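Chains as they are written, first to last, in this note's numbering: chain L, 1 to 222; chain F, 1001 to 1222.
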């Protein structure tokens, strides 16, 4: 992406808006840079100057989503100190935010492969992912729920993975108003919370260290 | 698929073998029915008579894999009564079986959408999926591990999902000899087993019913 004068910023924003429109109407796979440029009333070469591929537009979409979601999630966190309520609010806020682009997002779920730049597990999406994981860290940190210190470092990534699972289910949920996702969210949340309450029982302690090591292996750390 | 005379069976097997060869060399997405027919030394129209699409060839691949894996997994189950060993054996057997086709399988992971016929969650793949879930039921049923009755009905599907997760990780694991998958398998298996041992503690009982309902919601049952 090019970021310079107010003029170029405006042009960039125009291409981005046109791209989202074309993705929504034609689907991500079918859309071409040529159509996007035409819809933004400019030459395709000029559009390429700002975004060198459809993927670059998607990356800009991820970044914008994260920036726009940030104050919304701040507000959700401020609204409750209950961990259950906070987790529900964060996840519902996100589903709500992505609702108009459910079709675009569903095309992107084909990129699970961490080697694909648009994968939620890739190096290129690390800044977006880390900022997303940080929401869960904040949800936990000053919540009213007491949690064993030894699970706290692992929990944000675990909750982030949980959220990704709900998100994936939602993307393909054809039930009316995604009622099945609502049900899944309610049921999984109560299990997650019950699990966290039970995590305070001493016999469960032996699970913490292997669970943490597991997450390190999964995320390719340590 | 057409199943008739020994002659037509032989032709069908020839196309199938050619297809696997082409998929391995050229990748699933790039391969065409025309190339597959050419590689089987026949006209493309004749190939279409036996398999009406690349997807039909993949479905035949899934079915063949399930049939060939069945006696191998029987042998693995007979080799040990320890649940941990059995789970490890089943999963390692599968990774071993699919190793030559890791690239083909990775192309197929793009189909998570249950509405896609080749998705592991689709209606068309239900027979393969159910036979696969049945392996886990048998692994549990006469194992040496005592499990609370109330979790037994849910466990085969849960372990199947766990296996799918390992499989997905393996498909994209670029470490040498997929060492990260080996590590992930070892760590997750010990957590699963520890979890199952802890499941015998009365305070964990409240988790069973919601976990079962959750699986019903996920699999679209009840």
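We put the beta carbon where it would ideally sit given N, CA and C, even for glycine.
None of these values were measured; they are calculated from a predicted model.
Hey, could you find the ends of the alpha helix (DSSP H) residue i is sitting in?
{"i": "residue 195(L)", "result": "179–198"}
{"i": "residue 33(L)", "result": "33–39"}
{"i": "residue 1127(F)", "result": "1126–1141"}
{"i": "residue 96(L)", "result": "83–98"}
Would a check of beta-carbon distances place residue i closer than 8 Å to chain L?
{"i": "residue 1172(F)", "result": "yes"}
{"i": "residue 1114(F)", "result": "yes"}
{"i": "residue 1190(F)", "result": "yes"}
{"i": "residue 1123(F)", "result": "no"}
{"i": "residue 1075(F)", "result": "no"}
{"i": "residue 1134(F)", "result": "no"}
{"i": "residue 1158(F)", "result": "no"}
{"i": "residue 1168(F)", "result": "yes"}
{"i": "residue 1032(F)", "result": "no"}
{"i": "residue 1110(F)", "result": "yes"}
{"i": "residue 1118(F)", "result": "no"}
Thinking C-beta only, is residue j closer than 8 Å to residue i?
{"i": "residue 106(L)", "j": "residue 114(L)", "result": "no"}
{"i": "residue 76(L)", "j": "residue 131(L)", "result": "no"}
{"i": "residue 1084(F)", "j": "residue 1193(F)", "result": "yes"}
{"i": "residue 28(L)", "j": "residue 104(L)", "result": "yes"}
{"i": "residue 1022(F)", "j": "residue 1010(F)", "result": "no"}
{"i": "residue 182(L)", "j": "residue 148(L)", "result": "no"}
{"i": "residue 15(L)", "j": "residue 38(L)", "result": "no"}
{"i": "residue 944(F)", "j": "residue 1109(F)", "result": "Not covered by the structure: residue 944(F). The range shown for chain F is 1001 to 1222."}
{"i": "residue 196(L)", "j": "residue 204(L)", "result": "no"}
{"i": "residue 59(L)", "j": "residue 155(L)", "result": "no"}
{"i": "residue 128(L)", "j": "residue 61(L)", "result": "no"}
{"i": "residue 158(L)", "j": "residue 87(L)", "result": "no"}
{"i": "residue 1054(F)", "j": "residue 1031(F)", "result": "yes"}
{"i": "residue 139(L)", "j": "residue 90(L)", "result": "yes"}
{"i": "residue 184(L)", "j": "residue 1219(F)", "result": "no"}
{"i": "residue 1210(F)", "j": "residue 187(L)", "result": "yes"}
{"i": "residue 208(L)", "j": "residue 143(L)", "result": "no"}
{"i": "residue 69(L)", "j": "residue 97(L)", "result": "yes"}
{"i": "residue 164(L)", "j": "residue 100(L)", "result": "no"}
Chain F beta carbons: is any one of them nearer than 8 Å to that of residue i?
{"i": "residue 195(L)", "result": "yes"}
{"i": "residue 18(L)", "result": "no"}
{"i": "residue 187(L)", "result": "yes"}
{"i": "residue 180(L)", "result": "yes"}
{"i": "residue 223(L)", "result": "Nothing about residue 223(L) can be read from this structure; chain L reaches only from 1 to 222."}
{"i": "residue 218(L)", "result": "yes"}
{"i": "residue 83(L)", "result": "no"}
{"i": "residue 183(L)", "result": "yes"}
Less than 7 Å separating the Cβ of residue i from some heavy atom of the ligand ZN?
{"i": "residue 1073(F)", "result": "Absent from the structure shown: the ligand ZN. Ligands present: none."}
Helix, strand or coil for residue i per DSSP?
{"i": "residue 114(L)", "result": "coil"}
{"i": "residue 163(L)", "result": "helix"}
{"i": "residue 1054(F)", "result": "helix"}
{"i": "residue 30(L)", "result": "coil"}
{"i": "residue 1149(F)", "result": "helix"}
{"i": "residue 1222(F)", "result": "Note that residue 1222(F) scores a pLDDT of 48, beneath 50, so its modelled location is shaky; the value from the coordinates is reported in the next line. Here residue 1222(F) sits in coil by DSSP."}
{"i": "residue 1156(F)", "result": "helix"}
{"i": "residue 123(L)", "result": "coil"}
{"i": "residue 1018(F)", "result": "helix"}
{"i": "residue 23(L)", "result": "helix"}
{"i": "residue 109(L)", "result": "coil"}
{"i": "residue 214(L)", "result": "helix"}
{"i": "residue 1005(F)", "result": "coil"}
{"i": "residue 101(L)", "result": "helix"}
{"i": "residue 207(L)", "result": "helix"}
{"i": "residue 201(L)", "result": "coil"}
{"i": "residue 169(L)", "result": "helix"}
{"i": "residue 174(L)", "result": "coil"}
{"i": "residue 59(L)", "result": "helix"}
{"i": "residue 78(L)", "result": "helix"}
{"i": "residue 144(L)", "result": "coil"}
{"i": "residue 43(L)", "result": "coil"}
Listed from N- to C-terminal order along the chain, which residues in the region 1198–1216 of chain F have their beta-carbon within a distance smaller than 9 Å of any beta-carbon of chain L? 1198, 1201, 1203, 1204, 1206, 1207, 1210, 1211, 1213 and 1214
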